[in-house]
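Just so you know, we're using the numbering used here here: the sequence shown kicks off at 609 and counts up by one.
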Amino acid sequence: MLQKGLTITILVSSNDIVENCVDLDPKCPTWAAQGECQTNAAWMMTNCRNSCHSCQGGEKAWKLRALIAAAYDNSTQQNVTRTVRIESLRITHVEMDEEKQYVRVYGRMVMTWNDSTVAWNRDEWGLSWLNFYWIQIWTPQLIQINSKYLSASLTPGAITSKVLAANYTGQVYLWSDFTFIAPYNFQYENYPNDYQNVCFKFDDKRYFAVKFLVADDVKQKRHEELSEAHSSGWTVENVDVKDSKYILQVVGDWRRDQYDLEASNCELCLGLRRNAVYYVTEMLLPALITSVLTLSASLFQLSVLQPALLALSIVSQFLSLQLISNRLPTFAAHKPVILKYAGFNLIATTILFITALILRQLSKTESEIPAPCWVNRFVALVNRFLRLPATTPADDNAKSNNATIQCQYSSLACTLNNILFVIFSIIYFVVVVACFVF
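Shown next as structure tokens:
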């Protein structure tokens, strides 16, 4: 009956167990299947021993339980602040509902505490371990305290005790299955490679009656805690159980509400990352490829290929935006980084496209009046440090028309085009590093 993690030694004869392990009512199997062994533990485990699997220890165990129960005073135990250690925690399943904005987690927990009133003499009774009913001795009554803001249609979190046992020294162990659910505002800044950190707060319903401590093994066995975790579309990367320092904290302005206090006794936090296998191929690569296409267009200095490549880049970006919009949740409250970069890329490409058309027209402008001297000096200064040789529209014009009128502003247009190429290359580098590296 006890789960893996403890070795139970019960020193009784097998004949004693077999003779007393019987059901006194033929309906016991049906009642046990309906969960009556937990809800009506005292009667069921006495009269339906076989169906409720309460035969461990034989008749000696029943006599020892009766003796402990007769001397046990639950009323005095309520006035004592207990220290409960969380010895083990396993996450089995996680549900993420992004439309309704809540997270539900399923798992198992092992807690232990010391209760000297249940200790016994092992040599006298011949028992090392003993199972108890939930109502026989003191147990923590756990509730989740941050699920009250959920919709009424959602099932609230619950903690169900499965096994309660103690050894002869008075050390009590409780195995519980839990279901926590909490509202959560999903963060979509890094979508679809986003990381969500969800926390569930729980406490004893008798506030300040229990002081929780987290065992060091729980933190050191983080990978083991995640070995059975299942979550559709998400990967559970981290589990962290935090115990409070048992200190009340004022979470509001005491001058307005001096009773605005919060006691968070224990907190379970999960770190989950979205399984976005499509992120690189459907989102990141199209964005980077169109960026390279936009910048490389400037190398065809104002030839017909430059605006053609920029136009192709704009069309490709609109197609990639369709892929992003199909993946992005319609109820997202934050703009993902990939969407911000796509918007920047589209605006930058549009600016370069319009500028290329204007500069191309400027380079083809024919005039008998030479350009001012300051223009020639500016062009010469820029070409000393930055010169990208390419065929210009003025060269094509001279070959085809044999015109005597020269394009006086062709060199200025090419120089401005080179300056824009350098400026936007630097801007793109900074934006890409800021968005996808840091």
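For glycine and all other residues, C-beta sits at the position ideal for the given N, C-alpha and C. None of the values given here were measured: they were computed from a predicted structure.
Task: Buried or exposed (CB count within 10 angstroms, at least 16 for buried), Ser1033 - done: exposed
Open item on the list: My output table needs one value for Ala817: the three-state DSSP class, helix, strand or coil.
Closed with: coil
Open item on the list: Runs of 4 residues minimum, wholly inside the stretch 627–654: which ones carry the alpha helix (DSSP H) assignment?
Closed with: 636–641, 644–647
Open item on the list: Between the alpha carbons of Pro637 and Pro764, how many angstroms are there, rounded?
Closed with: 29 Å
Task: Own chain residues within Cβ distance below 7 Å of Phe794, not counting five before or after - done: Glu706, Gln709, Gln804
Task: Cβ-Cβ separation, Cys877 to Asp851 (assumed contact under 8 Å), whole Å - done: No, Asp851 and Cys877 are not in contact; Cβ-Cβ is about 12 Å, not under 8 Å.
Open item on the list: Starting from Phe1044, trace the beta strand (DSSP E) in both directions and tell me its first and last residue.
Closed with: First-last for Phe1044: 1018–1044, but that is the alpha helix (DSSP H), not the beta strand (DSSP E).
- [ ] Taking 8 Å as the cut-off, decide whether the C-beta atoms of Asn722 and Gly778 are in contact.
- [x] yes
Open item on the list: Beta-carbon within less than 6 Å of Leu946's beta-carbon, same chain only, minus the 5 sequence neighbours each way: which residues are those?
Closed with: With the sequence shown as reference, residue 946 is identified as Ile, and Leu is not the correct amino acid for it. Met891.
TODO: Tell me whether Pro748 sits in a helix, a strand or coil according to DSSP, three-state version.
DONE: coil
Open item on the list: For Thr902 and Thr957, what's the separation of their Cα atoms in angstroms?
Closed with: 6 Å
- [ ] Go ahead and label Ser904 buried or exposed: buried means 16 or more other beta carbons lie within 10 angstroms of its beta carbon, across all protein chains shown.
- [x] exposed
- [ ] Could you tell me if Thr1023 is buried or exposed, where buried requires 16 or more neighbouring beta carbons within 10 angstroms of its beta carbon?
- [x] buried
TODO: Excluding the 5 residues preceding and the 5 following Arg657 in the sequence, name in chain order all residues of the same chain whose CB lies nearer than 6 Å to its CB.
DONE: Cys629, Cys663
TODO: Measure the C-alpha to C-alpha separation of Trp746 and Tyr887 and round it to an integer number of angstroms.
DONE: 52 Å
- [ ] Examine the Cβ distances between the stretch 765–784 and the stretch 720–737 and report whether three or more of them are shorter than 8 Å.
- [x] yes
Task: Spatially closest choice to Trp733 from Leu920, Ile676, Ala640, by CA coordinates - done: Ile676
Task: Whole-number beta carbon distance between Tyr680 and Gln744, since they are thought to touch under 8 Å - done: 7 Å
Task: Extent of the continuous alpha helix (DSSP H) to which Asp731 belongs - done: 730–733
Open item on the list: With three or more C-beta pairs closer than 8 Å as the rule, is the stretch 957–972 touching the stretch 809–824?
Closed with: no
Task: Residue of Pro791, Phe786, Phe1044 minimising C-alpha distance to Leu762 - done: Pro791
Task: Assigned secondary structure, Ala837 (DSSP; H/G/I helix, E/B strand, else coil) - done: coil
- [ ] Can you grab the Cα-Cα spacing for the pair Ala950 / Leu929, in whole Å?
- [x] 7 Å
TODO: Would you mind sorting Gly715 into buried or exposed? The rule is 16 or more other CB atoms within 10 Å of its CB.
DONE: buried
TODO: For the alpha helix (DSSP H) holding Asn658, just list the boundary residues, first then last.
DONE: Here Asn658 belongs to no alpha helix (DSSP H), and DSSP marks it neither H nor E.
TODO: Provide the residue span of the beta strand (DSSP E) that contains Lys770, from first to last.
DONE: 766–775
Open item on the list: Between Asn1025 and Leu910, how many whole angstroms is the CB-CB distance? I'm expecting something under 8 Å.
Closed with: 6 Å
Task: Environment of Thr725 [buried if 16+ CB atoms lie within 10 Å] - done: exposed
- [ ] Go to Ile789, then tell me how far its beta strand (DSSP E) extends in each direction, as first and last residue.
- [x] 779–791
Task: Short Cβ contact (8 Å threshold) for Arg702 with Ser839 - done: Correcting the residue type first, residue 702 is Val in the shown sequence and not Arg. Yes, they are a contact pair.
- [ ] Would you tell me roughly how many angstroms separate the C-alpha atoms of Phe1029 and Asn934, rounded to the nearest one?
- [x] 33 Å
TODO: Determine, using beta carbons only, whether Leu672 and Trp728 come nearer to each other than 8 Å.
DONE: yes
Open item on the list: Distance check for Tyr799 and Pro937, CA to CA, integer angstroms please.
Closed with: 10 Å
Open item on the list: Looking only at its chain, what residues have a beta carbon closer than 7 Å to the beta carbon of Ile932, apart from the 5 residues adjacent to it on each side?
Closed with: Met891, Ile946, Leu947, Ala950
Task: Arg690 beta carbon less than 8 Å from that of Lys819 - done: yes
Task: Selected residue, minimal CA-CA separation from Asp811, among Arg730, Tyr796, Thr889, Arg693 - done: Arg693
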